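Position one of the sequence shown corresponds to residue 4 (this note's numbering), numbered consecutively onward.
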Amino acid sequence: MYSQPEHHHTDIRAEDIPEDQRAFCPVSGDPVDKEEAEQLRHVRDYKGVKYYFCCSACLDLFDKDPEAYTQEGDKETAQIAKDTPVNTLTLFEKEHLIDNVWAFRFHPTKPLHWTAGQYMRVDLPHDNPDKEGTKRWFTISSAPYEGYAQITTRVTNSTFKQALSGLKVGDTLSMIENSEGSFTWQESDKPLIFIAGGIGITPYHSILMQRVHDAQPLNVTLIYGSRTDDVVFKDLFDAYVMEHPEFKVHYVIGEPLTAAKLNEFAPSLNQSLVYVSGPDPMVDALGAELIATGLPEDQLKKDGFPNYTQMNY
């Protein structure tokens, strides 16, 4: 039943890290600051070699099969292949949703195939990029039946987000990796619990919309944490509650999501298949707390978003 955690990497450039402090994640190939990795405990010693990881998801993957990530290959060829566009996305609409959250909708040049809840990697070259670079991972927040790719995100002051916000209808960005990820609907004999922190709602938006379109039951409880009463997609979820009595939604406003709070809405939490999506720190902390309080690890699915905290999610 176990599904690996998702990894939405940042795109720090290698040249922004001093050479004597620079390593490369053996799973993703992304550059890593050794000091930061040590502080986060994203390190492993394996057969006398120390490896540094860009995120906890890559660390989990390595722990499951170290040999798969310690074989030397043609890294330069792999990096070239990794950065080669696989599709071109053309903006046809953008919409302000709430606060600083916007939806950007793109038509793909080639048919785009994905499973609801998956993500893609895109490249948006722009002038004077900051240290986060020109590439990003985004959940495809539209549903597959819609046929277009929607990016739903908070528009921050990063150069990438400003470039994205500045796109005009007809402008393009490059999709450089096909959709992937296992943070998708999983049939189970256990109750399903979806836990979202802020912008971590995006994969659930895709999943639930697709199930409604396919006339599948919404037999899941959604617990949605938000810093304020301004909750993205709230009208849609409230409509689903009215139309699907098996679907339950609980909003937690202005307070952290904890195991104790979740148990108020889902007393059978430890007997459930639990999804957690949101800022990396929240996902890591809440996931660890749920396991410590009795949730079996193979009943936990995680999807962490970088560059978000409890203050800006």
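All residues carry an ideal CB built from backbone N, CA and C; glycine is no exception. Keep in mind the model is a prediction, meaning the values are calculated, not measured.
Residue pairing by DSSP places Glu-98 opposite Ala-106 in a beta bridge. Separation of Ala-60 and Thr-112 (C-alpha to C-alpha, rounded to the nearest whole angstrom) is 31 Å.
Annotation: the continuous alpha helix (DSSP H) that includes Tyr-207 extends over 205-216. About 4 Å separates the CB atoms of Phe-186 and Asp-306; that is less than 8 Å, so the two are in contact. Secondary structure of Lys-164 (DSSP, three-state): helix. DSSP places Ile-256 in the uninterrupted beta strand (DSSP E) bounded by 251-256.
Taking C-alpha positions only, Pro-29 is separated from Met-245 by approximately 47 Å.
In this structure, DSSP gives Lys-113 a state outside helix and strand, which the three-state scheme calls coil.
In this structure, Gln-213 sits away from Tyr-151, with a CB-CB distance that is not shorter than 8 Å. Rounded to whole angstroms, Gln-302 and Pro-206 show a C-alpha spacing of 18 Å.
Under a 10 Å Cβ-count criterion, Ile-154 is classified as buried, with 16 or more other Cβ atoms of the shown protein chains found around its own Cβ.
Taken atom to atom, the span from the alpha-carbon of Glu-96 to that of Gly-51 is near 52 Å. Cβ-Cβ distances below 6 Å link Pro-88 to Ser-177 and Ile-179 in the same chain, with the five nearest sequence neighbours on each side left out; the list follows chain order. When C-alpha distances from Leu-100 are compared across Phe-236, Asp-68, Leu-221 and Ile-143, the shortest belongs to Phe-236.
When only Cα atoms are considered, Asp-130 and Phe-141 end up about 21 Å apart. Classified as buried, Gln-121 has 16 or more neighbouring CB atoms from the shown chains inside 10 Å of its CB. Note on geometry: alpha-carbon atoms of Thr-159 and Tyr-227 lie some 22 Å from one another.
As summarised for the segment 241-309, the continuous alpha helix (DSSP H) elements at least 4 residues long and confined to that stretch are 262-268 and 283-295, given in chain order.
Burial check for Leu-167: the Cβ neighbour count within 10 Å reaches 16 or more, so the residue is buried. The residue among Ser-31, Lys-264 and Asn-103 with its C-alpha nearest the C-alpha of Lys-164 is Asn-103.
Cβ-Cβ separation between Ala-199 and Leu-239: approximately 13 Å, too far for a contact (criterion under 8 Å).
Going by DSSP, Ala-60 is part of no beta strand (DSSP E) but of the alpha helix (DSSP H) stretching over 59-67. Pro-21 sits in coil when the DSSP states are folded into three classes, being neither helix nor strand.
Collapsing the DSSP output to three states places Ile-202 in a helix.
Under a 10 Å Cβ-count criterion, Ile-256 is classified as exposed, with fewer than 16 other Cβ atoms of the shown protein chains found around its own Cβ.
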